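Asker: In this text, residue positions in the sequence shown follow this note's numbering: the first is 1134, and each later residue adds one. Pasting a structure below so you can have a look.
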Amino acid sequence: MDAANSQSMSEKCVIDNCRHIQRALCKCCKQDLCYQHLWEHNDSIISQLNLLKNEIHHVNYRFKTLNIPEIIKAFQKQIKQWRINSYIIIDRLYDQKRQEFTEYIEENVGKQCEYMDQLQKQIDEFIEIEDGDQQEIKFIKSNLNDINEKIDRIEKAICPITILPLAIDEHSIQINC
Ligand SMILES: [Zn+2]
Ligand SMILES: [Zn+2]
């Protein structure tokens, strides 16, 4: 009796509270269903497929109507701005270093000129009072040599300058795909 009962129970549709006899195995959910629930499952699959079809159509439409020239234009606008900003940085450094170098040269030349004026006066004085000895002449000569060498260096612009090529980090612009 119990066995017969359980057999008849197992033949009912597996959907909760459904009292109908199971008629077929639904392929989508692998459950034994009555006709009514089988049709419901079938309808549900078809409506989901139709929704998917619409979604695919919509995504496809979005791809096909992408304004690629507009996207490229927006990107170019951004890197153009980066280029302008970079040039500004270079120009600023160029002006700053030009100014620094001009000040350095003017200050150095100024100092040497002052020293030369002093030397000139000293010589004039020595000549006027007929003073001065070999040691003083030797000292002035050696100073003159030093100054001549300095002028040579300034003329040839041999100064303590190091100019490195500009290192640009390729990662400054990254395309994050
Ligand atoms: Zn099903
Ligand atoms: Zn059912």
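Backbone N, C-alpha and C define an ideal beta-carbon position, used for all residues, glycine too. Treat the numbers as computed from the prediction; the structure is a model and nothing was measured.
For Leu-1252, which three-state DSSP category applies?
Answerer: As a first step, residue 1252 must be located in the sequence shown, where it is residue number 119. In the structure shown, Leu-1252 sits in a helix (DSSP, three-state: H, G or I).
Asker: Could you round the C-beta distance between Ile-1154 and Cys-1162 to whole angstroms and report it? I think they count as a contact, below 8 Å.
Answerer: As a working mapping, residue 1154 is identified with position 21 in the sequence shown. As a working mapping, residue 1162 is identified with position 29 in the sequence shown. Between Cys-1162 and Ile-1154 the Cβ distance is about 18 Å, and since that is not below 8 Å, they are no contact.
Asker: Give me whichever residues DSSP pairs with Asp-1165 in a beta bridge.
Answerer: In the sequence shown, counting from the first residue as 1, residue 1165 sits at position 32. Paired residue(s): Leu-1158.
Asker: Where does the unbroken alpha helix (DSSP H) through Ile-1270 begin, and where does it stop?
Answerer: Position 137 of the sequence shown, counted from the first residue, corresponds to residue 1270. Run containing Ile-1270: 1267-1288, per the alpha helix (DSSP H) assignment.
Asker: For ligand 1, any of its heavy atoms closer than 6 Å to the Cβ of Cys-1151?
Answerer: The residue you call residue 1151 lines up with position 18 of the sequence shown. Cys-1151 Cβ: outside cutoff for every heavy atom of ligand 1.
Asker: Residues around ligand 1, please: the ones whose beta-carbon is closer than 6 Å to some heavy atom of it, in chain order.
Answerer: Those residues, listed in chain order, are Cys-1159, Cys-1161, Cys-1162, Gln-1164 and His-1174.
Asker: Does the distance between the C-beta of Ile-1148 and the nearest non-hydrogen atom of ligand 2 fall short of 6 Å?
Answerer: Residue numbering aside, residue 1148 sits at position 15 when the sequence shown is read from its first letter. Indeed, a heavy atom of ligand 2 lies less than 6 Å from the Cβ.
Asker: Quick one: is the Cβ of Cys-1310 within less than 6 Å of any heavy atom of ligand 2?
Answerer: Translated into the one-based positions of the sequence shown, residue 1310 becomes position 177. Result no, Cβ not under 6 Å from ligand 2.
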